[in-house]
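> Please see the structure below; I have some questions.
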């Protein structure tokens, strides 16, 4: 959310499409995550639906985690994990190992 809110919307450092590419397909390729980061037949169903006018990161140095604003729905492996901005049920994925 910080990249989209600050660097795309507020500071216009990159266009939305370029930032989303860096955050999705390019990141998946760098980490060797096949079938991730793209929307196409056979790929995993990982999608984030957000409002470009309101998306922003709420975390601070004092509060390292705070739910973002403007992220309405998240699907991981096709499972609905964030509904209307709220985390619901167990996760549908698994943590990635540290590099």
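Residue numbers (this note's numbering): 12 to 110. For each residue, glycine too, the CB sits at the ideal point set by N, CA and C.
1. Smallest Cα separation from residue 17: which of 32, 68, 92?
2. At which residues does the beta strand (DSSP E) containing residue 83 begin and terminate?
3. Report the start-end ranges of each beta strand (DSSP E) in the segment 36-99 that is 3 residues or longer and not cut off at the edges.
4. So residue 66 and residue 82 are in contact, right, with Cβ under 8 Å, and what is the actual spacing, rounded?
5. Considering residue 17, what are the terminal residues of the alpha helix (DSSP H) in which it resides?
6. Can you tell me whether DSSP reads residue 23 as helix, strand or coil?
7. Tell me whether residue 33 sits in a helix, a strand or coil according to DSSP, three-state version.
8. Going by beta carbon distance, what residues of the same chain come within less than 6 Å of residue 58, once the five residues before and after it are set aside?
9. Does residue 76 pass the burial test, meaning 16 or more other C-beta atoms within 10 Å, or should it be called exposed?
10. Buried or exposed for residue 61, going by 16 or more other Cβ atoms inside 10 Å?
Result, derived from the coordinates:
1. 68
2. 82-87
3. 58-61, 82-87, 90-94
4. 6 Å
5. Segment: none, residue 17 is in no alpha helix (DSSP H) and carries neither H nor E.
6. coil
7. helix
8. Taken in chain order, the residues that qualify are 86.
9. Per the 10 Å Cβ criterion, exposed.
10. buried
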